[in-house]
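**Q**
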């Protein structure tokens, strides 16, 4: 009955009620021909609602099955451990947009940076993310190395841990990104932040009270450096941008005669890194984001690419700066950037995401060592043996 009511509303031009009826038909007609027909109509009537309706139908009719299906997505499901247990591979995380509200606030130029530094990092079970020991105002804290964050982001729990009073007064703006909780009020404040021998005093950070997980170590801290991320050795090698002979730096990916075909050009939006990626043969700009566990798209990106979410997509949960939202994970035909190409590759879609571009996360480049050259604006990839 819901399906036929949906047809009536659609023909009458009442798309709001048509959306409601087709969604209910999918929920109550799950795994029947009615479900398939309702899927077809809802994708046409309201693509964004379709994504949520598939997840709702799966959750209502087969919660245990949906959880099992999500678990099959081991690589895109790697989660930020503090946000969700690492055993839940249906979780996708990225809080990269948390720092965007502070964009446009200039950072002081530092002349006392070391010429280079090699920093060791840790990973957590089920995750490829890099966690680094840091200190804030002389107190130790673990931070999350995130190329997709413009700045360094802390939440209320982090300031409490560090014994720092939160800033007072009105916020400077609002952070938006992944999650269904809406834009989050954001403040800025200054601290002394140190990672290994790299120390920045009176350094500007963003404060987003609800933000959980490890605080983000973003672009404003390390933009003065080229850096090589070596997942085999679990190190990040920083070389100051103005250092003479940076490409011959010992132990760096710049040394040696690697082919230029492994170099991928990038551009910046603010301080964030934008690369061009081909999805099913169509080019789309994406954020190069070590803070994202997988490739994450919003509903608008699906429309750009002409992709529809299949009815058997696996439901999962996304944690981001805007809170928790439902995602769907499914394979696409192909995805390529520079020397890296994958086929039958899992991506996730979050219809509530308000990000301008998709996130190109760890699942895409996990098999490569990579170096980000902020002077020549290229990322250089070397496949791990």
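In the numbering used here, the protein residues as written are 16 to 400.
We put the beta carbon where it would ideally sit given N, CA and C, even for glycine.
Note that the structure is a prediction, hence the values are computed from the model and not measured.
(1) Write down every uninterrupted run of the alpha helix (DSSP H) in the segment 298–345 whose length is 4 residues or greater and which is fully enclosed by it, in chain order.
(2) DSSP state of residue 363, grouped into three classes?
(3) In the DSSP assignment, what are the bridge partners of residue 215?
(4) Looking at the structure shown, is residue 51 part of a helix, part of a strand, or coil, going by DSSP?
(5) Using DSSP's beta-bridge definition, name the partner residues of residue 278.
(6) Under 8 angstroms between C-beta atoms, does residue 25 make it to chain C?
(7) Are at least three pairs of beta-carbons, each pair with one atom in the segment 231–241 and one in the segment 160–169, less than 8 angstroms apart?
(8) Among the candidates 46, 330, 247, 61, whose CA atom is the shortest distance from the CA of residue 37?
(9) For residue 163 and residue 142, I'd like the C-alpha separation in whole angstroms.
(10) Counting C-beta neighbours from all protein chains within 10 Å, is the total for residue 293 16 or more, i.e. buried, or is it exposed?
(11) Would you tell me roughly how many angstroms separate the C-alpha atoms of residue 221 and residue 59, rounded to the nearest one?
(12) Verify whether the separation of the beta carbon atoms of residue 397 and residue 160 is less than 8 angstroms.
(13) Is it the case that the segment 206–226 contacts the segment 169–183, given that we only count it when at least three CB pairs across the two stretches are under 8 angstroms?
(14) Mark residue 356 as exposed unless 16 or more other C-beta atoms lie within 10 angstroms of its C-beta, in which case mark it buried.
(15) Give the secondary structure of residue 180 by DSSP, where H, G and I count as helix, E and B as strand, and everything else as coil.
(16) Expressed to the nearest angstrom, what Euclidean distance is found between the alpha-carbon atoms of residue 19 and residue 28?
(17) Under 8 angstroms between the Cβ atoms of residue 213 and residue 129?
(18) Could you tell me the alpha carbon to alpha carbon distance between residue 156 and residue 139, rounded to whole angstroms?
(19) Would residue 201 be called buried (16 or more neighbouring beta carbons within 10 Å of its own) or exposed?
(20) Which residues in the same chain as residue 44 place their Cβ atom closer than 6 angstroms to its Cβ, once the five residues preceding and following it in sequence are excluded?
(21) Cα separation between residue 32 and residue 244?
(22) Do you know how far the Cα of residue 329 is from the Cα of residue 64?
(23) Quick one: Cα of residue 218 to Cα of residue 204, how far?
(24) For residue 10, name the three-state secondary structure that DSSP assigns.
(25) Evaluate residue 395 with the Cβ neighbour count: other Cβ atoms within 10 Å of its Cβ, from every protein chain shown; 16 or more gives buried, anything less gives exposed.
(26) Check whether the Cβ atoms of residue 24 and residue 40 lie closer than 8 angstroms to each other.
(27) Quick check on residue 348: does DSSP put it in helix, strand or coil?
(28) List, from N- to C-terminal side, the beta strand (DSSP E) runs of 3 residues or more that fit wholly inside the segment 139–179.
(29) In whole angstroms, what is the alpha-carbon distance linking residue 313 and residue 56?
(30) Shortest alpha-carbon distance to residue 34 belongs to which of 26, 46, 21?
(31) Return the residue from the list 255, 258, 149, 48 that minimises the CA-CA distance to residue 211.
(32) Would you say residue 281 and residue 393 are within 8 angstroms of each other, going by their C-beta atoms?
(33) Can you name the residues that DSSP bridges to residue 22?
(34) Would you kindly work out how many angstroms separate the C-alpha atoms of residue 279 and residue 354, rounded to a whole number?
(35) Is residue 59 helix, strand or coil by DSSP?
(36) Comparing alpha-carbon positions, which option in 258, 348, 343 lies nearest residue 367?
**A** Short version:
(1) 314–320
(2) Position 348 of the chain shown, counting from 1, holds the residue named residue 363. Correct three-state label for residue 363: strand.
(3) Residue numbering aside, residue 215 sits at position 200 when the chain shown is read from its first letter. In DSSP, residue 215 forms a bridge with 208.
(4) As a first step, residue 51 must be located in the chain shown, where it is residue number 36. In this structure, residue 51 counts as helix in the three-state DSSP scheme.
(5) Here the question's residue 278 lines up with position 263 in the chain shown. Note: residue 278 sits in a beta bridge opposite 395.
(6) Considering every chain present, this structure includes no chain C. It has just one protein chain.
(7) yes
(8) Taking the chain shown and counting its residues from 1, one reaches residue 37 at position 22. The candidate whose alpha carbon is nearest that of residue 37 is 61.
(9) Against the chain shown, residue 163 aligns to sequence position 148. Against the chain shown, residue 142 aligns to sequence position 127. C-alpha separation (whole angstroms): 17 angstroms.
(10) Start at 1 with the first residue of the chain shown, and residue 293 comes out as number 278. Exposed, since its Cβ has fewer than 16 Cβ neighbours within 10 Å.
(11) The count along the chain shown starts at 1 and reaches residue 221 at position 206. The count along the chain shown starts at 1 and reaches residue 59 at position 44. C-alpha separation (whole angstroms): 40 angstroms.
(12) Sequence index remark: in the chain shown, residue 397 carries index 382 (1-based). Sequence index remark: in the chain shown, residue 160 carries index 145 (1-based). Not in contact: residue 397 and residue 160 (Cβ atoms no closer than 8 angstroms).
(13) yes
(14) Your numbering for residue 356 matches position 341 in the chain shown. Residue 356 is exposed by the Cβ-count criterion.
(15) Walking along the chain shown from the start, residue 180 turns up at place 165. It is coil, neither helix nor strand.
(16) In the chain shown, the residue the question calls residue 19 occupies position 4. In the chain shown, the residue the question calls residue 28 occupies position 13. C-alpha separation (whole angstroms): 14 angstroms.
(17) By one-based count along the chain shown, residue 213 stands at place 198. By one-based count along the chain shown, residue 129 stands at place 114. Yes.
(18) As a working note, residue 156 is residue 141 in the chain shown. As a working note, residue 139 is residue 124 in the chain shown. For residue 156 and residue 139, the distance between alpha carbons rounds to 16 angstroms.
(19) To locate residue 201, count along the chain shown from 1; it is residue 186. It counts as buried.
(20) Taking the first residue of the chain shown as position 1, residue 44 is located at position 29. So the list reads 50, once near-sequence residues are dropped.
(21) Here residue 32 corresponds to residue number 17 of the chain shown, with the count starting at 1. Here residue 244 corresponds to residue number 229 of the chain shown, with the count starting at 1. Rounded to the nearest angstrom, the two C-alpha atoms are 51 angstroms apart.
(22) The residue given as residue 64 occupies position 49 in the chain shown. The residue given as residue 329 occupies position 314 in the chain shown. Taking the straight line from one Cα to the other gives about 16 angstroms.
(23) Numbered from its first residue, the chain shown carries residue 218 at position 203. Numbered from its first residue, the chain shown carries residue 204 at position 189. In a straight line, the C-alpha of residue 218 is about 8 angstroms away from that of residue 204.
(24) The question about residue 10 has no answer, for the chain in this structure spans 16 to 400.
(25) Position 380 of the chain shown, counted from the first residue, corresponds to residue 395. Buried: at least 16 other Cβ atoms inside 10 Å.
(26) Against the chain shown, residue 24 aligns to sequence position 9. Against the chain shown, residue 40 aligns to sequence position 25. Not closer than 8 angstroms, so no.
(27) The residue given as residue 348 occupies position 333 in the chain shown. Correct three-state label for residue 348: strand.
(28) 146–151, 154–160
(29) Counting from one through the chain shown, the residue named residue 313 turns up at place 298. Counting from one through the chain shown, the residue named residue 56 turns up at place 41. If you take the alpha carbons of residue 313 and residue 56, they lie about 20 angstroms apart.
(30) As a working mapping, residue 34 is identified with position 19 in the chain shown. Among 26, 46, 21, the Cα nearest to that of residue 34 is on 21.
(31) The count along the chain shown starts at 1 and reaches residue 211 at position 196. Of the listed residues, the one whose Cα sits closest to residue 211 is 149.
(32) Sequence index remark: in the chain shown, residue 281 carries index 266 (1-based). Sequence index remark: in the chain shown, residue 393 carries index 378 (1-based). Yes.
(33) Position 7 of the chain shown, counted from the start, is the residue given in the question as residue 22. Partner(s): none; residue 22 has no beta bridge.
(34) As a first step, residue 279 is located in the chain shown; it is residue number 264 there, counting from the start. As a first step, residue 354 is located in the chain shown; it is residue number 339 there, counting from the start. Taking the straight line from one Cα to the other gives about 8 angstroms.
(35) In the chain shown, residue 59 corresponds to position 44, counting from 1. Of the three classes helix, strand and coil, the one that applies to residue 59 here is helix, per DSSP.
(36) Translated into positions along the chain shown, residue 367 becomes position 352. The shortest Cα separation from residue 367 among 258, 348, 343 belongs to 343.
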